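J.:
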Amino acid sequence: MIRDTSSQDAVIAPPKGQFTKRRIIIAAAAVAVLAAGWSLIHTWRGSDHSVNISRLRIAEVGRGTLIRDAAVNGRVVAAVSPTLYAPSLATVTLKVHAGDTVKKGDVLAVLESPDLSDALKREQAAYAQTEADVARQRILARKQKLLAQRDADTAEIDRVSAQRTLERYDAVANEGAVAKIEYQRAKDAVNSAVIRAKHATEASALENDNVALELESKIKQLDQQRSTLSNAQRRVDELTVRAPVDGFIGTLSVADRSVVPANTPLMTLVDLSRLEVELEVPETYVSDIGIGMNAEVNYGTGTTTGKLSALSPEVVKNQVLARVRFNGEQPAGLRQNQRLTARLLIDEKPNTLMVQRGPFVESEGGRYAYVVRDGIAIRTPIKLGATSVSAVEILGGLKQGDKIVVAGTETFENAERVSINQ
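Numbering (the numbering used here), first residue to last: 1198 to 1619.
1. Are the beta-carbon atoms of K1600 and I1250 separated by less than 9 Å?
2. Identify the continuous beta strand (DSSP E) that holds Y1282 and give its terminal residues.
3. Nearest to L1550 by alpha carbon, out of A1268, R1260, S1414?
4. Grab me the residues of T1298's own chain with a C-beta within less than 7 Å of its C-beta, minus the 5 sequence neighbours each way, in chain order.
5. Does E1610 come out as helix, strand or coil in the three-state DSSP assignment?
6. Give the DSSP-derived three-state secondary structure of L1531 in the structure shown.
7. How should R1536 be labelled, buried or exposed, when 16 other C-beta atoms within 10 angstroms of its C-beta is the threshold for buried?
8. State the DSSP-derived secondary structure class of G1487, mapped to helix, strand or coil.
9. Taking all protein chains shown into account, decide if A1338 is buried (16 or more other Cβ within 10 angstroms of its Cβ) or exposed.
10. Assuming S1278 contacts T1465 (C-beta within less than 8 Å), just tell me the rounded distance between them.
11. Go ahead and pull the three-state DSSP assignment for R1347.
12. Under 8 Å, with one C-beta from each stretch per pair, do the stretch 1330 to 1348 and the stretch 1410 to 1427 reach the 3-pair mark?
13. Whole angstroms are fine: how far does the CA of R1265 sit from the CA of N1618?
14. How would you label G1605, buried or exposed, when you count the other beta carbons within 10 angstroms and need 16 or more for buried?
15. Name the one or two DSSP bridge partners that Y1567 has.
16. Would you decide whether I1579 is buried or exposed? Buried here means 16 or more other CB atoms lie within 10 Å of its CB.
17. What residues in its chain sit with their C-beta under 7 Å from that of N1491, if we drop five residues either side in the sequence?
18. The beta strand (DSSP E) with E1473 in it runs from where to where?
19. With 16 other CB atoms within 10 Å as the buried threshold, where does T1327 fall?
20. Can you tell which of N1611, T1398, G1598, L1291 has its C-alpha closest to the C-alpha of R1576?
21. Is the beta carbon of E1511 closer than 9 Å to that of P1284?
22. The ligand NAD heavy atoms versus the CB of H1294: any closer than 8 Å?
23. Quick one: give me the first and last residue of the beta strand (DSSP E) that E1623 is part of.
24. Helix, strand or coil: how does DSSP classify V1552 here?
25. Whole angstroms are fine: how far does the CA of A1322 sit from the CA of A1507?
26. Given this structure, state the Cα-to-Cα distance separating V1483 from G1489, to the nearest angstrom.
27. Taking Cβ to Cβ, would you say L1518 is nearer than 9 Å to L1476?
28. Of all the options N1270, V1307, A1267, which has the alpha carbon lying nearest to the alpha carbon of L1463?
29. Indicate whether R1361 and V1391 have their beta-carbon atoms separated by less than 9 Å.
30. Is L1313 helix, strand or coil by DSSP?
31. If you draw a straight line from the alpha carbon of G1302 to that of N1407, how long is it in whole angstroms?
32. For the stretch 1551 to 1560 against the stretch 1582 to 1594, are there 3 or more C-beta pairs whose distance is under 8 Å?
33. Looking at the unbroken beta strand (DSSP E) that takes in A1256, where does it start and where does it end?
34. Rounded to a whole number of angstroms, what is the C-alpha to C-alpha distance between E1480 and G1530?
35. Ignore the nearest five residues each way along the sequence and tell me which others in G1563's own chain have a CB closer than 6 Å to its CB.
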């Protein structure tokens, strides 16, 4: 039979004071649990919700310079991008392809228009005829001047001859050698010769004026015909389409050897040496922007500055198109239609009470914000002013140093007080 070990056991008395320490520890733990429970119950009683701080974004109200700006999207466009048109009904022969690089004055296309060619030939013939008429009129004018001058000279000779005859009669009139009637007839002949000579001289002057006027009229007709011929020549010259600037062929709108009507787009020429940025500005910013406003352009690999150079007068799909011209040299590596972003610098307000911008600006029209005090977010009426991409001006309801919830209030459900858990 196996005996147990009861005979070997001994009763050990606990050390003095051990029960007292255990009671103190249990009492302290109970007090801590009660305090934590009381604090939790007090917090729950003073708030409508409880939200973890990791779900919120809190910012502090401070002072600084508020830069009013607007972030917009845009694309790179050519400042000079002419579209070339057909001047008349013609057959097009293309000399280039899409994407070809061309220099100013290069032939891009040749148009064949029989109507314009025939019109030019008719105007050339008419000009030659008018030019011959002018030359003929010059000869006729000289001939008429000579005839008028001959008549005037003949009349003057007759006057001089009559005057000499009268002088001879005067020399012998006192001697009775000449009959009185012959003497009177000689006087009448002198008077008649004087009148004819005077009229012949005046007629010669009038004839000179007349032929000069007729010649001038013919010269005017020649000038008019020269202008008509020049216009016809210009229209024929326009059938040879040349590059107005250096660049490359963007698009071809017609096929080779096709017949096109007048004013048909033929091709687009793009000048990449002068690029601008076309921005799509929301309608809400239109009243605040103007020509000459500064802009910062972010094109992916860097940023540059520019100025607003043009603003469209119409609104399309709640947007207004604006053009920004680069300050100084344009950045290298930009491409046609490249997408980019820009920031329009509308205004600067120094020493402004402001806070970081967040969804709270749009929540409830920006009339309320949740101010964080002692772990409680309190719904507080506020008044907002100017806004920018990153900050918003505070006009009332908050003071410098206040901390507010700028993001994550959508779960608060407009509660007056919300507990924030760490």
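By construction, the Cβ of each residue, glycine as well, lies at the ideal position given by its N, Cα and C atoms. Since we're looking at a predicted model, the values are computed, not measured.
T.: Reading it off the structure:
1. Result no, Cβ atoms of K1600 and I1250 do not sit closer than 9 Å.
2. Y1282 -> beta strand (DSSP E) spans 1280 to 1282.
3. L1550 has its Cα closest to that of R1260, out of A1268, R1260, S1414.
4. If we look at T1298 and ignore the five residues flanking it on each side, its Cβ neighbours are F1445.
5. Note: E1610 maps to coil in three-state DSSP.
6. In the three-state scheme derived from DSSP, where H, G and I count as helix and E and B as strand, L1531 is classed as coil.
7. By the 10 Å Cβ count, R1536 comes out exposed.
8. Three-state result, G1487: coil.
9. A residue is called buried when at least 16 other Cβ atoms come within 10 angstroms of its Cβ; A1338 meets this threshold and is buried.
10. Contact holds; Cβ gap of about 6 Å.
11. Collapsing the DSSP output to three states places R1347 in a helix.
12. A contact exists between the stretch 1330 to 1348 and the stretch 1410 to 1427.
13. Taking C-alpha positions only, N1618 is separated from R1265 by approximately 35 Å.
14. Per the 10 Å Cβ criterion, buried.
15. BP columns for Y1567 point to R1576, V1602.
16. Its Cβ being crowded by 16 or more others within 10 Å, I1579 is buried.
17. These residues qualify, in order along the chain: T1502, K1504, L1542.
18. Taken as a continuous stretch (DSSP letters only), the beta strand (DSSP E) holding E1473 covers 1462 to 1479.
19. By the 10 Å Cβ count, T1327 comes out buried.
20. Closest by alpha carbon: N1611.
21. With respect to E1511, P1284 sits apart: the two C-beta atoms are not nearer than 9 Å.
22. The ligand NAD is absent from the structure shown, which contains no ligand whatsoever.
23. Not covered by the structure: residue 1623. The range shown for the chain is 1198 to 1619.
24. Residue state, collapsed to three classes: strand.
25. C-alpha separation (whole angstroms): 50 Å.
26. The alpha-carbon atoms of V1483 and G1489 are separated by roughly 14 Å.
27. For L1518 and L1476, yes; Cβs fall inside 9 Å.
28. The shortest C-alpha separation from L1463 is found at V1307.
29. No. Outside cutoff.
30. L1313 falls in the helix class under three-state DSSP.
31. Rounded to whole angstroms, G1302 to N1407 spans 49 Å at the Cα level.
32. Yes: the two stretches touch, three or more of their Cβ pairs being nearer than 8 Å.
33. Start and end: 1254 to 1257.
34. Using only the alpha carbons, I get a separation of about 31 Å.
35. Within its own chain, the residues whose Cβ lies closer than 6 Å to the Cβ of G1563, once the five positions on either side in sequence are excluded, are L1581, listed in chain order.
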